[in-house]
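To start, the structure itself, in structure tokens.
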Amino acid sequence: MNKTSFIAAPLLLLAEAIGAAPGEASSRLVESPLSTANLVETALGLVAVLAVMLGLAWLVKRYVQVPGIGKGQVQILGGVSLGTREKAVLLSVEGRRLLVGVAPGRVQTLLVLDETQTAQSAFAGHLQAATDGVQPEAPGEQA
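Residue numbers for the sequence shown follow my numbering, so the first one is 47 and each next one is one higher.
See below:
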């Protein structure tokens, strides 16, 4: 037995077992695979698969909480760009606030603040006085 018949015999048996008759294959080849109906069916199938994938991605993003993201000891509170490649970033690390400068190849601590030592703004003082029903003092007045 040569290699061709050794490979072809199982394939013919498989085709017969599946039920593919030789006449069916020739009749299906008459229909063009590039017909409008086939292209529309393929495009709609592709759109449906993409819609399902996007929907699942949205659901995962919305409802699945990945452990370790946003719950660590280091949190980025904010940042501002200082130039094309420089940035100032405010971090919270174990109850302290750090202002760091970030540049290519370099990170430098600019300021360290404790969370308890944050200064109360004038607006916060006025708001607290208003909610307590007390008239706030003007900056130059003394009681």
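Just so it is clear, CB atoms sit at the ideal spot from N, CA and C, and this is done for glycine as well. A quick note: this is a predicted structure, and the numbers were derived from the prediction, not measured.
Does DSSP classify residue i as helix, strand or coil?
i: S51; result: helix
i: Q119; result: coil
i: L57; result: helix
i: G147; result: strand
Using 8 Å as the threshold, is the C-beta distance between residue i and residue j below it?
i: L137; j: V120; result: yes
i: V135; j: G125; result: yes
Between the C-alpha atoms of residue i and residue j, what's the straight-line distance to the nearest angstrom?
i: S127; j: A83; result: 54 Å
i: V86; j: L60; result: 32 Å
i: R142; j: G101; result: 40 Å
i: V106; j: L96; result: 15 Å
i: R131; j: D160; result: 28 Å
i: L80; j: L92; result: 16 Å
i: L57; j: S78; result: 26 Å
Could you check how far apart the C-beta atoms of residue i and residue j are, in whole angstroms? I think they sit under 8 Å.
i: V200; j: L156; result: In the structure as shown, the chain begins at 47 and stops at 189. Residue 200 is therefore absent and cannot be evaluated.
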